[in-house]
Structures are given as C-alpha cells and as structure tokens.
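Peer 1: Chains as they are written, first to last, in the numbering used here: chain W, 1 to 153; chain Y, 154 to 306; chain F, 307 to 459; chain L, 460 to 612.
Built from N, CA and C at the ideal position, the CB exists for glycine as well.
My structure is below; once you've seen it, I'll send some questions.
4 protein chains.
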Amino acid sequence: MQPRQRLIGVIGAAACDAAVAARAYEVGRRLAEAGCAVVCGGLGGVMAAASRGAAEAGGLVIGLLPGDDPHAANPYVTVAIPTGLGEARNAVIALASEALIAIAGGWGTLSEIALARKRGKPVVSLDSWRPDDSVLCATSPRHAVELALATVR
Amino acid sequence: MQPRQRLIGVIGAAACDAAVAARAYEVGRRLAEAGCAVVCGGLGGVMAAASRGAAEAGGLVIGLLPGDDPHAANPYVTVAIPTGLGEARNAVIALASEALIAIAGGWGTLSEIALARKRGKPVVSLDSWRPDDSVLCATSPRHAVELALATVR
Amino acid sequence: MQPRQRLIGVIGAAACDAAVAARAYEVGRRLAEAGCAVVCGGLGGVMAAASRGAAEAGGLVIGLLPGDDPHAANPYVTVAIPTGLGEARNAVIALASEALIAIAGGWGTLSEIALARKRGKPVVSLDSWRPDDSVLCATSPRHAVELALATVR
Amino acid sequence: MQPRQRLIGVIGAAACDAAVAARAYEVGRRLAEAGCAVVCGGLGGVMAAASRGAAEAGGLVIGLLPGDDPHAANPYVTVAIPTGLGEARNAVIALASEALIAIAGGWGTLSEIALARKRGKPVVSLDSWRPDDSVLCATSPRHAVELALATVR
C-alpha cells in the first residue's frame, strides 16, 4: 500500500522566461527527491516547469485546474483534476498544500499566497511576492525546498 | 420593476477599531446614496460597518458568507447568502463586484484584492494593501467612493 | 432600512416550453407578492420566467450565475452574481435558499434538489423530479408557493 | 516518469453496512488492478471501503474532502485534498472522474450522479439511485467496474 503523500504547493504564473522555468524545474525535482508530491494549478509556465521537474524525478504531480477539461493540464501532471471552479480553485490549492513555494508570479500567485497565509500555511517566496515578513525568503531553489520542508517536519 | 443593481465590493477584516469602522460606515453610506448595492463578506468589523452605512441609507447589502449559516450575517445584511465555500467565496466576492474598495484588512482582504486584479477589476485602497500601482489609493472615504464610481461609469 | 430578505429558490432548466414558463412566471410572481426574494441560477427558461414573474411584482431576484459574466443574467435579475464556479454554484443555490421550488428541469435541477435535501432544506416539486417522498408534490404554482411558505414559517 | 492516472469516481454514503462495504471494497480493488486511480470524497463508509480496496491493491486514492482538515481523510487515501468547499466539492468529484460508480448512497450521492450526468459523464449504479435509463445498472462489483471501464476506453 502506498503511503499518504505529503503535498507541497508550487505556485507561479502560467507564462515565464527560461531562467524562472529552470528554477521552478529544480524546485519540483528537489521536492520529488525529498519524497513529496507537488500540488499546482496544472497549467503552463512555472506550473509546467515544476511539474516536469517533479515528474522526471519520479514524483507525483497533482494539477488542480481552473477549467473543466483535464486535457488542459500540462503533460507532466500525473493526477489532473479539472475543478471547474475558475480562480476559486486557488483557495483549494492553498488548503491542499502543507506549505507553498511561490516562484515569480502575478495576481493569481499573490491570491494563493494570501489564502495560504490566511490559513497559517508556511509560504516560501523565491523571487515572488512577499507581502510581509511571515513569508519566508529563499535565495535559491535548493534553499526554497529546504525552508519549505523545515516548516512541515 | 426594480432596476439591475450596481454592485460595489467593500472588503476588510472581520475585526477593526472604531476609526476604521467609521470610515467603512461612511463608504457604505456613500455607495448607497450613489445608488449602488454593497457586496461584502457579510461578517463583522469592516464588513458590518460598511453594511450598516449602506443599509441605514436605504441601500441593498449582499453578504456572501463563507459558512453555511445565514444567521452568521451581520444584522445590516439585506441579502444573506451562505455559500459554504470557505475562503473560496473570496473569489466570488471579487467576481460579483464591478469595483472594490479595500479598507485596512488582513490576508483575506489581500486575497480579494489579488483575485479582483487578476480579473482586471478596479480596486481602491483606503489604508489597505497596495501590492502595485494599479491599485488606486484613496485619502478619505469620500475619495474612495469617487474613485470607485469613476472606474465603473 | 430594508429588512432581511427571505430567499426562496426556484430551480429548473435553462430552456422550457411556454406552458412550463407560464407556471414558473406564476411561482415567481406569487413569491414576490408574499414578500420573498427569488434565488435562481440567473439564466433562461424556468429561471428567466420565474425571474420575470418576481421582478414584475416588484420583488428582488438574485441570480447566481455559473460563469463569470454578469451580462449573461436574464434581464429580470436584479442582483446578478457571476460566481465563476460552474455547476458548483448549484450547491450555493441550495444553501442560500430557505426552501426550493423545482419546476420541470433536468440534471442540474436534480443536483440542486439533492444538495438541498442533503442539508435538510424543504423542496417542492412542480412537475419535476421527486426522488423520494420527502420532496413535496405540488399540483399548481399556487400550491407550490403555499407549500414552500408553509415549510419556512 | 509516472503516466497520467486514469481517474474513476466511486461515490456513496459516509456510513454503510458490511455488505455494502464489501462491494465497495471489491470495486476499489478491481479499479486499482485495472490500473485506475480512485477519486472519492475521502471520508468513511463506501468511500473508506473503496479506498481500502484500491490502496491494498497498490492503487492511488484521491480523497476530495468537503472540509479543511486533511486528517479527516480515511487512512487509505493516498492523496488527501481538503477542498474547504463543503458539498460544492461534489461538483469537483463529478468533473474529475472520467466515469463514476455509485454504490448505495443518499442525497450527496444523488447530487454527484446528477452533476456527472449533467456533464455527460458515464455513471454506473450498483444498488444506488438510477434517476433515468442513462445511468447504467450493474449487478455486481465486477460488472460495475467492467461497465465503467468500457465507457472510457
């Protein structure tokens, strides 16, 4: 029997440049290597890069999609959940994650950070929003994963 | 037949001091006097003060509650909608409002600002979060209402 | 100050024939005459007919739309709330209503009946689904409104 | 890299007798043996029995919980997703599943059947609700799984 998965959220925009994608990939890979599953919004950009990193390291990737089409998920998502909830699914991503790592990102990412902090979830920012000091600040993908895992042990 | 109501969101924390409540009251009153209905989270603090201001000026107050009990609404809500969605109802508040006025507030308020901006909705900050320059800055309740109404005409 | 509105749900399909629409119109009108606001899905068919009946009698009509565009509401909705939740908004309609009247209808209507009964809400069926005897059976629009109002007094 | 999981919903009440639990267990086991992941509400009764069957056969079990506490999941859930959406999560279960098997069950189960049929998802009834002939009728757990898998190939 498979053990209960530990779920860490990786959040960020649906479009990003190559440097940001590389960091998201490394975050996903390191989370999978640490035995965690990645929860994300299931789409492109930061989400796709983190999904790929996790999936290529053999990890599970849960994609909570805003729309109703599972085929909208990026190809590295292993469990595609079309929620049909639109942006309200951001609240589900925040709740489903033990801790979250935000990488760059726009308004959707900020909403997820706020929804997570509202519930007291640890959030690590890697070149992302940092509305107050309770959001931890990481200097590298490795550091981001270390900080996130330290909060949930 | 009653005309379609114009809905302006008023967002802020469920607990606040008397000075903040006075500003929220005035925002609610001015919105009702301008013929707008107030959309809010239906609970206490900023929400209750804005609700009272709008209701006492004869306006309609829509309370989108996070829980499933309509009796959790503050007494000034005229339409109490228990959504049962928890914090995911913040996304509904953002979508239902043509424009939003944020008054002080914590993580829940920040999530609503971000969800509204994600959808391109105008947001006015009155002593609240202002994550970037696209969030308008008001210096008084009167100014906040003027800015909000100017965006939706 | 306006009093707290009593909310009665009227549910049914987004397309219907003239005979069903006439019954939905009468249900909406009688609810408004009894001082209740109508909660519905805000679209066409049964929803539009009930909305028109209520609005023309001076009542308030709350339209909880599945999509994110308030302009999708039928013209008789006085408070258009685009939820962006898709079919998950059916759960909000069930929770927001003190009692519900189902008129004809398809799968969406059945889901609303079931979600309402799950929460112990009274449901009246007027030529609609009646999954078990706890769903009240009405023989006319007048009878449906009488049954619904009797359950919530 | 793990392949995209095929998700089949198993729905039914949070409390059930031993005979129903045995059938749910077998459905879960057979789905896992066929290489499918089980999506369910994550709680007790039919959900727990199906989860156990799937998990003991090495399968993945996605529990979409109504509340906000992941620890409310039954011990056989491998991916616990607290949605915080209340009964609105039933719409997510319906959307996330390629096909659904309903086992006994009450109003919540009926709402999920209706929400699934609304979206054209195949539903198999094993001693459960069968609102119309489009819901397939199974005579055994083995038959239920065969019918469900036949619809999604």
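#1: Taking the alpha-carbon of Arg52/W as reference, which of Gly120/W, Pro75/W and Ala80/W has the nearest alpha-carbon?
#2: What do you get for Ser281/Y, buried or exposed, if any count of 16 or more other CB atoms within 10 angstroms of its CB means buried?
#3: Quick one: residues in its chain with C-beta nearer than 6 Å to the C-beta of Ala355/F, no 5 flanking neighbours on either side, listed in chain order?
#4: How would you label Ser264/Y, buried or exposed, when you count the other beta carbons within 10 angstroms and need 16 or more for buried?
#5: Measuring alpha carbon to alpha carbon, tell me which of Asp133/W, Ala34/W, Asp68/W and Ala32/W ends up nearest Arg117/W.
#6: Starting from Gly334/F and walking both ways along the beta strand (DSSP E), at which residues does that stretch end?
#7: Ends of the alpha helix (DSSP H) at Val441/F?
#8: With DSSP collapsed to three states, give me the class of Leu110/W.
#9: So that I know if they touch, is there some Cβ in chain Y lying closer than 8 Å to that of Asp527/L?
#10: Please return the same chain residues whose Cβ sits closer than 6 Å to the Cβ of Leu136/W, not counting the five positions on each side in sequence.
#11: Would you mind giving the Cβ-Cβ distance between Leu160/Y and Glu251/Y, rounded to the nearest angstrom? I have them listed as a contact below 8 Å.
#12: Within the same chain, show all residues whose beta-carbon is closer than 7 Å to that of Val536/L, passing over the 5 residues directly before and after it, in chain order.
#13: Put Ser403/F into one of helix, strand or coil per three-state DSSP.
#14: Would you mind sorting Ala32/W into buried or exposed? The rule is 16 or more other CB atoms within 10 Å of its CB.
#15: Sort Thr610/L, Pro590/L, Thr598/L and Pro462/L by Cα distance to Glu56/W and report the nearest one.
#16: In this structure, how does DSSP classify Ser584/L when only helix, strand and coil are distinguished?
#17: For Thr598/L, count the other beta carbons within 10 Å of its own beta carbon; 16 or more makes it buried, fewer makes it exposed. Which is it?
#18: Please list the partners that Val124/W has in chain Y, where partner means a Cβ-to-Cβ separation under 7 Å.
#19: Looking at C-alpha atoms only, which residue of Ala324/F, Pro372/F and Met353/F is the closest neighbour of Leu406/F?
#20: Taking Cβ positions only, does Ala609/L come closer than 8 Å to chain Y?
#21: Does DSSP classify Pro235/Y as helix, strand or coil?
#22: Say whether chain Y places a C-beta atom closer than 8 Å to the C-beta of Ala13/W.
#23: In angstroms, rounded to a whole number, what distance separates the CA positions of Arg153/W and Pro590/L?
#24: Examine chain W for any beta-carbon lying closer than 8 Å to the beta-carbon of Leu559/L, and answer yes or no.
#25: Quick one: which residues of the stretch 75-101 of chain W get their C-beta closer than 9 Å to a C-beta of chain F? List them in chain order.
#26: Using the three-state DSSP reduction, which class does Met612/L fall into: helix, strand or coil?
#27: Does Ala378/F come within less than 8 Å of chain L when only Cβ atoms are used?
#28: Would you grab the beta carbon distance between Ile387/F and Leu401/F for me? Rounded to a whole angstrom, and I think it's under 8 Å.
#29: Mapping DSSP to helix, strand and coil, what is Gly522/L?
#30: According to a CB-to-CB cut-off of less than 7 Å, which residues of the stretch 111-122 of chain W neighbour chain Y?
#31: Using a cut-off of 7 Å between C-beta atoms, extract the partners of Gly108/W located in chain Y.
#32: By the 10 Å Cβ neighbour count, where 16 or more other Cβ atoms means buried, how is Arg295/Y classified, buried or exposed?
#33: Report the option in Ala14/W, Ala18/W and Gly59/W whose CA atom is closest to the CA atom of Ala72/W.
#34: Using the three-state DSSP reduction, which class does Val345/F fall into: helix, strand or coil?
#35: Kindly give me the distance between the Cβ atoms of Leu344/F and Val316/F, rounded to whole angstroms, as I take these residues to be in contact under 8 Å.
#36: Count the other CB atoms within 10 Å of the CB of Met259/Y; is the residue buried (16 or more) or exposed (fewer)?
Peer 2: On the basis of the coordinates in this document:
#1: Closest by alpha carbon: Pro75/W.
#2: With 16 or more other Cβ atoms within 10 Å, it is buried.
#3: Ala327, Ala330 and Tyr331
#4: buried
#5: Asp133/W
#6: That residue, Gly334/F, is in no beta strand (DSSP E); its alpha helix (DSSP H) goes Ala324 to Glu339.
#7: No alpha helix (DSSP H) contains Val441/F, which DSSP labels as neither H nor E.
#8: helix
#9: yes
#10: Val124 and Leu147
#11: 6 Å
#12: Gly501, Ser510, Val520 and Gly522
#13: coil
#14: buried
#15: Pro462/L
#16: strand
#17: exposed
#18: Neighbours of Val124/W on chain Y: none; closest Cβ ~16 Å, over 7 Å.
#19: Proximity to Leu406/F across Ala324/F, Pro372/F and Met353/F peaks at Met353/F, based on C-alpha coordinates.
#20: no
#21: Looking at Pro235/Y - three-state DSSP - the assignment turns out to be strand.
#22: no
#23: 48 Å
#24: no
#25: Answer in chain order: Thr83, Gly84, Leu85, Gly86, Glu87 and Ala88.
#26: Before going further, note that residue 612/L is Arg rather than Met in the sequence given. Note: Arg612/L maps to coil in three-state DSSP.
#27: no
#28: With 8 Å as the limit, Ile387/F and Leu401/F do not qualify as a contact, their Cβ atoms being about 13 Å apart.
#29: In the structure shown, Gly522/L sits in a strand (DSSP, three-state: E or B).
#30: Residues are counted here when their Cβ sits less than 7 Å from a Cβ of chain Y; for the stretch 111-122 of chain W these are Ser111, Ala114, Leu115, Arg117 and Lys118, given in chain order.
#31: Lys271
#32: exposed
#33: Considering only alpha carbons, the answer is Ala14/W.
#34: strand
#35: Note that residue 344/F is Val in the sequence shown here, rather than Leu. Yes, Val344/F and Val316/F are in contact; Cβ-Cβ is about 5 Å, under 8 Å.
#36: The sequence shown places Gly at residue 259/Y, not Met. The residue in question, Gly259/Y, is buried, as its Cβ has 16 or more Cβ neighbours within 10 Å.
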